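*Asks:* Residue numbers (the numbering used here): 325 to 509. Cβ atoms here follow ideal geometry from the backbone N, Cα and C, with glycine treated the same way. All values reported here derive from a predicted model rather than from experimental measurement. Input: one structure, supplied below.
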Ligand SMILES: [Fe+2]
């Protein structure tokens with residue numbers, strides 16, 4: 325397979341798919357193999373981020389988004405033992421592991437979401453990232469991510485919208501709290 329597939333080519337395809345696909349499931353089905361193709365391109369890690377956000381344990385390096393923050397492409401890097409809290413994205417997502425060992429833990433909400441700021445989650449499964457293979461995250465997904473190795477992990481992320489602008493939440497499962505997770509101002 326020709327591994328040459330630039331970020332610009334990927335973004336062009338992303339725009340076309342998002343403009344023509346009738347539903348999210350169709351976007352995910354079409355974008356997943358292209359995200360794998362982009363992840364296989366050795367030049368991807370030479371791309372200069374347009375924005376970088378450092379979080380506790382990981383960093384989010386944005387490579388592309390549209391003017392309204394739609395169609396975001398980012399490289400995320402987790403430090404050894406870095407992890408996120410369980411969170412949703414407020415949009416669809418596709419993740420492809422580039423190096424290291426990331427584990428996805430999947431959660432399900434079991435309360436009725438009627439109390440603001442309150443949430444009960446149940447752990448429903450986990451999956452080790454297979455390098456080069458897309459993990460598809462439909463909009464309702466709640467997951468957490470852990471780097472379970474002693475080296476940093478790096479992965480390619482594609483989202484329907486930059487997740488710092490979607491109104492997503494992260495969850496404190498000890499205190500049953502739902503907390504907004506957006507841009508810090
Ligand atoms: Fe996530």
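Are residue 410 and residue 445 closer than 7 Å when you measure CB to CB?
*Replies:* For residue 410 and residue 445, yes; Cβs fall inside 7 Å.
*Asks:* I need the DSSP call for residue 499, collapsed to helix, strand or coil.
*Replies:* DSSP places residue 499 in coil when its eight states are reduced to three.
*Asks:* For residue 328, count the other beta carbons within 10 Å of its own beta carbon; 16 or more makes it buried, fewer makes it exposed. Which is it?
*Replies:* Exposed, because fewer than 16 other Cβ atoms sit within 10 Å of the Cβ of residue 328.
*Asks:* Is residue 448 helix, strand or coil when you go by DSSP?
*Replies:* Three-state result, residue 448: strand.
*Asks:* Shortest alpha-carbon distance to residue 471 belongs to which of 427, 456, 334 and 465?
*Replies:* Among 427, 456, 334 and 465, the Cα nearest to that of residue 471 belongs to 427.
*Asks:* Starting from residue 339 and walking both ways along the alpha helix (DSSP H), at which residues does that stretch end?
*Replies:* It spans 331-344 - the alpha helix (DSSP H) in which residue 339 sits, taken as one unbroken run.
*Asks:* Which stretch, first to last residue, makes up the beta strand (DSSP E) that contains residue 426?
*Replies:* Where residue 426 is concerned, the enclosing beta strand (DSSP E) stretches over 426-433.
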